[in-house]
């Protein structure tokens, strides 16, 4: 009975002090949308259809985009933000390190407060921004979702493999 009363009154059962309360869901975030691109519409729709509502322990966030776009989603606080149909990353050059995580190849670009990961081997570039303060790393889950919906359209050299230059991801637009 004491537990029920303490809970009902919003008090910690052990100390009797007011319990910490959740302030509710985090506020909506506003992000820039990827540039409009008719060629990205169908692949992005496929990617978005495969994404989980809850990303591991991260709850979905409300996102407002400028201009309005369905191709931006976010989870957690601080927010992990996925943008589908972004332009080719300027940092993606022949000497770039890419990482196979979740069945897709990612390019990582470290920024002051986040790392921007971009999928480079699918029909569209998909960017995921992960704040440094975010403890949960969602790339395996997101990569697997993307890989289920979009097949690789280019090659990334691995070990001793030497794909023809016209098949290399770094040579696509």
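Residue numbers (this note's numbering): 16 to 188. Each residue gets a CB set at the ideal place from its N, CA and C atoms; glycine is no exception. Just so you know, these numbers come straight off a predicted model, no measurement behind them.
- If you check the CB distance, residue 119 and residue 91 do not come in under 7 angstroms.
- Around the beta-carbon of residue 83, fewer than 16 other beta-carbon atoms lie within 10 Å, marking it exposed.
- Counting of Cβ neighbours within 10 angstroms places residue 71 among the exposed residues, the total staying below 16.
- For residue 47, the enclosing beta strand (DSSP E) begins and ends at 44-47.
- Pairing residue 161 with residue 143, the inter-Cα distance amounts to about 12 angstroms.
- For residue 156, the enclosing alpha helix (DSSP H) stretches over residues 154-164.
- Secondary-structure assignment with DSSP links residue 73 through a beta bridge to 70.
- By the C-beta criterion, the segment 144-151 is judged not to be in contact with the segment 48-63, since fewer than 3 inter-stretch pairs fall below 8 angstroms.
- In the three-state DSSP reduction, residue 89 falls in the strand class (E or B).
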